[in-house]
Amino acid sequence: MLTFAALGMAGYGLYSLGAGFADLFGDSQLELLADVGSIMLGAMLVLAGLFVRIGLPGSLALALAALFGLQSLALHNAAHLYRQVAPEPQIARALFAALLVALAYFGRNEENTKETRDWRPETRDR
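This is the structure in structure tokens:
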């Protein structure tokens, strides 16, 4: 589960990086700050995905911060581009983020319990 969470975070972060760079260097429809924010939050999520996989403390909080930032940026972009915010894509994005966080959280717990279960106290020969 932890690997799927890390891959999902990295994929979502790379998508955000690509979308930010495409809008920044291509046909720019958004403000410069929105593009830079998308790029920074995407890079932050890619790093958080890597940190979640290796079990670095605070990595899940970093991933949550990046996901919340991308969610708020998606709300801004939808309002700016389409002059309205459709709830369905936003709910789908939020559910995907919740799935990634749940996979990371429960995957980390599963890995910790597996390590504890496999640990056996050292026996001494007398």
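Residue 38 is where the sequence shown starts when you use our numbering, and the numbers rise one by one after that. A virtual CB, placed ideally from N, CA and C, is assigned to each residue, including glycine. All figures in this text were calculated on a predicted structure; none of them were measured in a lab.
Range of the contiguous alpha helix (DSSP H) that encloses residue i
{"i": "Gly55", "result": "39 to 62"}
{"i": "Ala100", "result": "96 to 119"}
For residue i, the three-state DSSP class (helix, strand or coil)
{"i": "Val89", "result": "helix"}
{"i": "Leu67", "result": "coil"}
{"i": "Ala141", "result": "helix"}
{"i": "Ala123", "result": "coil"}
Residues near residue i by beta carbon distance below 7 Å, same chain, minus five either side
{"i": "Ala141", "result": "Leu39, Ala42, Val89, Leu97, Ala100"}
{"i": "Asn114", "result": "Leu67, Ala71"}
{"i": "Gln4", "result": "Any answer about residue 4 is impossible in this case: the structure gives the chain only from 38 up to 163."}
{"i": "His117", "result": "Leu67"}
Spatial neighbours of residue i in its chain, beta-carbon cut-off 6 Å, leaving aside the 5 residues before and after
{"i": "Gly50", "result": "Gly79, Leu82, Val83"}
{"i": "Gly106", "result": "Leu78"}
Beta-carbon proximity list for residue i, same chain, < 8 Å, skipping 5 on both sides
{"i": "Tyr119", "result": "none"}
{"i": "Gly144", "result": "Met38, Leu39, Thr40, Phe41, Ala42"}
{"i": "Val137", "result": "The amino acid at residue 137 is misidentified as Val; the sequence shows Leu. Excluding residues within five positions, the ones whose Cβ falls inside 8 Å are Ala42, Gly45, Met46, Tyr49, Ala100, Leu104."}
{"i": "Leu54", "result": "Ser75, Ile76, Gly79, Ala80, Val83"}
{"i": "Leu61", "result": "Leu69, Asp72, Val73, Ile76"}
Whole-number beta carbon distance between residue j and residue i, since they are thought to touch under 8 Å
{"i": "Gln121", "j": "Ala111", "result": "Actually they do not touch by this definition, with Cβ atoms about 13 Å apart."}
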